[in-house]
Amino acid sequence: MNVQPDNKAMKRDFDIVGKRTPRPDGIDKVTGRARFGADMSMPGMLWGLVLRSPHAHAKIKRIDTSKAEKLNGVHAIVTSKDFGPCDDSLLDIRENVMAREKALYDGHAVAAVAAVSRSVARQALKLIKVDYQVLPHVTDVDEAMKPDAPVINDKLFTKGLDKTPKKPSNIAERFEFGHGEVEKGFKEADLVIERTFRTEATHQGYIEPHACVASMGADGRGEMWVCTQGHFMVRNTCAGLLGIDVSNLRVTASEIGGGFGGKTTVFIEPVALALSLKANRPVKMVMSREEVLRASGPTSSSSIDVKIGMKKDGTITAGDATLRYQGGAFPGSAVPYGAMACFAPYDLKNVRAIGWDVIANRPKQAAYRAPGAPMGAYAIESVIDELCRELKLDPIDVRLKNASSDGSKASYGPNFGVIGLKATLEAAKNHPHWKAKLGKNQGRGVACGFWFNFGGETSVSLNVNVDGTVGLSVGTPDIGGSRASIGNMAAEELGIPHDKVRCIIADTASLGYNDVTDGSRVTFASGMAAIQAARDAIGKLCERAAKIWGIPVDAVVWEKGHARPASPNAGKHEPLSLADIAAQAGATGGPIAGHCEINAEGAGVSFATHMVDSEVDPETGHVKILRYTVFQDAGKAVHPSYVEGQFQGGAVQGIGWALNEEYIYSKDGRLQNPGFLDYRIPVCSDLPMIDTVIVEVPNPGHPYGVRGVGETSIVPPLAAISNSVSDAAKVRMTRLPMSPPNVLKALGRI
Amino acid sequence: MEYFAPASTKEAVKLLGTAKGKVHVMAGGTDLLVRMKGGYTEPDAIVDIKRIAALRKIVRAGKGWRIGAAVSAAEMGEDKALKKAWPGVVEAANLIGSTQVQGRATIAGNLCNASPAADSVPAMAAVGAKAVIAGAKGTRKVAVEKLVKGPGKTTLKKSEFVESIELPEKKKRMGDAYLRFIPRTEMDIAVVGVGICLTLDAKGKCMAARVALGAVGPTVIISAKAAKALVGTTVDDAALDALARACAAEAKPIDDKRGTKEFRKHIAGVLARRAAIIARDRAKENS
Chain A
43 MNVQPDNKAM KRDFDIVGKR TPRPDGIDKV TGRARFGADM SMPGMLWGLV
93 LRSPHAHAKI KRIDTSKAEK LNGVHAIVTS KDFGPCDDSL LDIRENVMAR
143 EKALYDGHAV AAVAAVSRSV ARQALKLIKV DYQVLPHVTD VDEAMKPDAP
193 VINDKLFTKG LDKTPKKPSN IAERFEFGHG EVEKGFKEAD LVIERTFRTE
243 ATHQGYIEPH ACVASMGADG RGEMWVCTQG HFMVRNTCAG LLGIDVSNLR
293 VTASEIGGGF GGKTTVFIEP VALALSLKAN RPVKMVMSRE EVLRASGPTS
343 SSSIDVKIGM KKDGTITAGD ATLRYQGGAF PGSAVPYGAM ACFAPYDLKN
393 VRAIGWDVIA NRPKQAAYRA PGAPMGAYAI ESVIDELCRE LKLDPIDVRL
443 KNASSDGSKA SYGPNFGVIG LKATLEAAKN HPHWKAKLGK NQGRGVACGF
493 WFNFGGETSV SLNVNVDGTV GLSVGTPDIG GSRASIGNMA AEELGIPHDK
543 VRCIIADTAS LGYNDVTDGS RVTFASGMAA IQAARDAIGK LCERAAKIWG
593 IPVDAVVWEK GHARPASPNA GKHEPLSLAD IAAQAGATGG PIAGHCEINA
643 EGAGVSFATH MVDSEVDPET GHVKILRYTV FQDAGKAVHP SYVEGQFQGG
693 AVQGIGWALN EEYIYSKDGR LQNPGFLDYR IPVCSDLPMI DTVIVEVPNP
743 GHPYGVRGVG ETSIVPPLAA ISNSVSDAAK VRMTRLPMSP PNVLKALGRI
Chain B
859 MEYFAPASTK EAVKLLGTAK GKVHVMAGGT DLLVRMKGGY TEPDAIVDIK
909 RIAALRKIVR AGKGWRIGAA VSAAEMGEDK ALKKAWPGVV EAANLIGSTQ
959 VQGRATIAGN LCNASPAADS VPAMAAVGAK AVIAGAKGTR KVAVEKLVKG
1009 PGKTTLKKSE FVESIELPEK KKRMGDAYLR FIPRTEMDIA VVGVGICLTL
1059 DAKGKCMAAR VALGAVGPTV IISAKAAKAL VGTTVDDAAL DALARACAAE
1109 AKPIDDKRGT KEFRKHIAGV LARRAAIIAR DRAKENS
């Protein structure tokens, strides 16, 4: 059941929602008490390590584990042979966690060892002999699409074409979105600009590497402790890969040191479980940073053509884009999302976006915060910026003129509901940042961004305790402050202080299925479920009050944390607080709890406008970000500090992506920079304070008006920063990252 | 693996001579421990020199300075007199890694790690620093730029280790500076590093100069041509242009993940120019 839009609720004054309450996990995290993935140990535990392919593409002719098996202290070795038949939907995951006939990328797992210590496991890895036949490889998206490119998967025939081709290729699928006639639109334009852009693959850069402990008992029942964005996903996937009943695998999510989408799938988890199954001992696995970069799930690299036509008055007459994303060695890059999202901020008569999903000899891409959208937005917003510059138009006014608004037809098909894009543009236009003076070699850029947001399967349990406190169990790992937000919404609904509610992430045996924490869904969906569970509990609290008073339940109302007689006709009874009723629960019918199981619908889309000032050193190509302001629609900011944190985090990751982060492959297809020294995420001293402006256009699909905020914030930065650098350098940038060598080259200095 | 923490140089030399297999000397450990954790090296023995009291001190050696091999970069930064005398060297040491790393990292370790990109090495080479090497046959001194043979390789023999770094006397109208280029603002590794030390005469004319280029060759490059561009000039724009050209020409970088050849050559010139201005101004202040 979904909570119906409640306009009164959205306009009401909140007691707790909107307040900056202390973060419930703060003390644990600053004192080191919080238990992350690698903090768990079990009696008799072994250490698992993975042997990885040094080749970008190679046939695995033979794996000889005999010597390693004989090494003292080795308890189990697994290869692809230990992963038997599974459902078709899991085949790619099965092959990604352990290579089968071929190693498909540098870092692809080929075998794993469980031993009494890490050093023994490391020695054992050296004793495993793998006989490879090295094959031609391809890592570049445009190269991979060429007819003469090495074919990575000879069973891959391009989907989405009028006729399925007879020859296999690296092109997995073609997508197309849009409406109207773009050619006709271009004829109406006063200026048409066409450009090609390139972006490099980046990594989410979460500080905590993947880590887990798996323990499979002799009775066939298993437990796992995992750093993940979705322990129900881990349970179902691991159970499916190893043929275990779902009920026989209980997964607990650890505290998580960042995910950003990268922990929405499995890598080492099924391997640890397979090792444990074979060794009959608990097995712990912790990825090194090098393994994280080589063999988890970075983003796609992309190559994008954009053509946009504009009238002298700023009206966009047509937009056309072709996006090519390589998503690693398996189909499923985020290109459809990129193609759907790239023109979404604009209400266009003629629009088309074509997406090509391409495979290459790189690790299988995983979600990264608004997967696929930042690259598309980068290309489109860059061309719009250039059109504005050429036609001497104000870039905010032009965006306002063309902006999508309530009811307008989205470039990807549906009509928008209530949306806040124009409100973010107005806020940007009226902000002092927009009028601030710039110095020499400095520039300013703006860009807009869109993300869909998601609801999904959600199950929540709310227990009223004997002392009037409330335990709230949710099944969505907290990667951005959701425990505080969800707890506060439950407290708001119950009418009790926020610190009377404790929100925890329950294990997979304690709740119904929950989708992973993704799609900016948790504060929206788990929050909605918590509100619903609180209402369920309120119903029961009122029943108990009715019983105590000896009046019908419909004569009881719940107000400000108390049951009260609905009217004087119901008799004179002193209001009963939640704590009063809870204290008598045993005598009035037993425990009081509220539940909610939903497939949450009504997630409101979110838009943002970003504004950036930068300075370019014309002698070195070094770019400094001077000032940054985020304007984003949050619907209703349940906990403004966390909302601001999401805005800032997206902007900072965008700065890294725009300026220095990139996967660098050498000619032999090996990753050259698998470490944080040469994979450069921004450090604090690289950044100004990121200013934030929270715009609130309530989402009618949520009882409090909440929209997801986690992902939209990474959509505009690439474009906003590129527009700013282009302004500062007086030359149009069309390639990311804008690292010093690339900027200097664009400036013609080298 | 065996771990030794000798209390004297003599004991350390003996241990290095007798230990079997792969033996590593450890000062701050900021390179060694990271490499061990990453599985890139598996020593059979580690000789930790931090317990040798004499190596934990900065002392005057005649009119110059002796910096013990176990003195951390942070400790150098706290030594006001040293900082006043050779700000370029101290600043270079305080660019290594991060604030936390500088609490343990040493310039002797930075030198012996033999990375082409070591920050303190061009700065030390520019001022004419010498490494004091302890060994079975007593001590010997060698110019820092002579200690490194190539990436990861030194001229140290078995049982030898660098006991301290000696910096010369800072004379009047001398100034030094070190600048490096990194894509970020800290916690990074030099794409190019330039150390410059110059001496002016009373009229502000450059009498002597040493220019050391880092990260643009397998070892630090001491460029006589670059020095020549400065000597006899007032380090004016024309001289600086000549210096930049000479440095770009003398740099012998490779294309790699940190930058292209052409980029590094260009940056060598830009940094040399900027470093020379700082060194010149410091020399003037020191008159």
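First to last, the protein sequences are chains A and B. Under this note's numbering, the residues of the first sequence are numbered 43 to 792, in order. Under this note's numbering, the residues of the second sequence are numbered 859 to 1145, in order. We treat Cβ as the ideally placed atom computed from N, Cα and C, and that holds for glycine.
Close Cβ partners of residue i (< 6 Å) along its chain, the five nearest in sequence each way excluded
i	result
A/Lys349	Glu236, Asp362
B/Thr876	none
A/Ile170	Leu93, Thr107, Ala110, Ala153
A/Ile732	Tyr670, Gln690, Ala693
B/Gly1162	Since the first residue shown for chain B is 859 and the last is 1145, residue 1162 of chain B is missing from the structure and cannot be characterised.
B/Ile1136	Ala1035
Chain B residues whose Cβ lies nearer than 9 Å to that of residue i
i	result
A/Lys714	Position check: residue 714 of chain A holds Gln in this sequence, whereas Lys was assumed. Those within 9 Å of A/Gln714 in chain B are Asp1114, Lys1115.
A/Ser781	Pro1041, Gly1117
A/Ser330	Lys895, Gly896, Gly897
Residue i in three-state terms, based on DSSP
i	result
B/Cys970	helix
B/Lys1007	strand
A/Asp48	In this prediction, A/Asp48 scores a pLDDT of 46, lower than 50, which makes its location untrustworthy; the coordinate-derived value is nonetheless stated afterwards. Coil at A/Asp48, not helix or strand.
B/Gln960	helix
B/Met1065	strand
A/Cys726	helix
A/Ser524	helix
A/Trp398	strand
A/His615	coil
A/Lys678	coil
A/Trp267	strand
A/Ile310	coil
Same chain only: Cβ atoms within 7 Å of residue i, ignoring 5 sequence neighbours per side
i	result
A/Tyr555	Phe274, Glu499, Ser501
A/Ala51	With a pLDDT of 45 at A/Ala51, under the threshold of 50, the modelled position of that residue is not reliable, and the figure given next carries that caveat. Contacts found: Pro745, Tyr746.
B/Leu940	Ile916, Trp923, Met934, Val948
A/Ala775	According to the sequence as given, residue 775 of chain A is Met; it is not Ala. Counting only Cβ-Cβ distances below 7 Å, and skipping sequence neighbours, we find Ser764, Val767, Ser768, Ala788.
A/Ala470	Ile438, Trp476, Val488, Thr651, Met653, Phe673
A/Ile102	Ala141, Glu143, Lys144, Ala145, Val152, Val172, Tyr174
B/Ala885	Ile907, Lys908, Ala927, Ala928, Thr964, Ala966, Gly967
Reference residue i; option with closest CA among the options
i	options	result
B/Lys1115	A/Gly717, A/Asp427, A/Ser768	A/Gly717
A/Thr754	A/Ala700, A/Val512, A/Phe492	A/Phe492
B/Lys1142	B/Ser866, B/Ser930, B/Leu1014, B/Asp1059	B/Asp1059
A/Asn495	A/Lys188, A/Asn741, A/Glu223, A/Lys209	A/Asn741
A/Ile105	A/Val785, A/Ile634, A/Ser95	A/Ser95
B/Val990	B/Ile1023, B/Asn952, B/Ser1145	B/Ile1023
B/Ala1070	B/Lys1119, B/Ser978, B/Cys1064, B/Thr1118	B/Ser978
A/Arg263	A/Arg277, A/Glu738, A/Arg525	A/Arg277
Contact list for residue i against chain B, beta-carbon separation under 8 Å
i	result
A/Pro724	Arg1042
A/Arg65	By Cβ distance, chain B contributes nothing, its closest Cβ being about 25 Å from A/Arg65, past 8 Å.
A/Arg791	His1124
A/Ser95	None at all; the shortest Cβ gap to chain B is about 17 Å.
Proximal chain B residues relative to residue i, where beta-carbon distance stays under 7 Å
i	result
A/Ile706	Lys1115
A/Ser764	Here the premise fails: no neighbours, minimum Cβ distance about 17 Å.
Same chain only: Cβ atoms within 8 Å of residue i, ignoring 5 sequence neighbours per side
i	result
B/Ala943	Trp923, Leu1025, Lys1028
A/Gly698	Thr244, Gly247, Arg722, Ile723, Pro724
B/Leu874	Val881, Val883, Val905, Lys1016, Ser1017, Glu1018, Phe1019
7 Å Cβ cut-off: residues of chain D touching residue i
i	result
B/Ile1125	Absent from the structure: chain D. Protein chains present are A and B.
Closer than 7 Å at the beta carbon, the chain A residues around residue i
i	result
B/Phe862	Ordered by position in chain A, no residue passes the 7 Å Cβ test against B/Phe862, which lies about 20 Å from the chain.
Next on the checklist: I'd like to know if the region 391-405 of chain A and the region 192-200 of chain A are in contact, where contact means that at least 3 CB-CB pairs between them fall below 8 Å.
Outcome noted: yes
Item to check | Inter-stretch contact (C-beta, 8 Å, three-pair minimum) for the region 362-376 of chain A and the region 400-414 of chain A | outcome: yes
Next on the checklist: Three Cβ pairs or more, each shorter than 8 Å: is that satisfied between the region 439-450 of chain A and the region 775-784 of chain A?
Outcome noted: no
Checklist entry - Are the region 1080-1087 of chain B and the region 1009-1022 of chain B touching, with three or more C-beta to C-beta distances below 8 Å? => result no
Next on the checklist: Is it the case that the region 403-413 of chain A contacts the region 507-523 of chain A, given that we only count it when at least three CB pairs across the two stretches are under 8 Å?
Outcome noted: no
Checklist entry - Using 8 Å as the threshold, is the region 1091-1109 of chain B in touch with the region 997-1009 of chain B, meaning 3 or more CB pairs across them? => result no
Checklist entry - Can we say the region 320-335 of chain A touches the region 248-259 of chain A, given the rule of at least three CB pairs closer than 8 Å? => result yes
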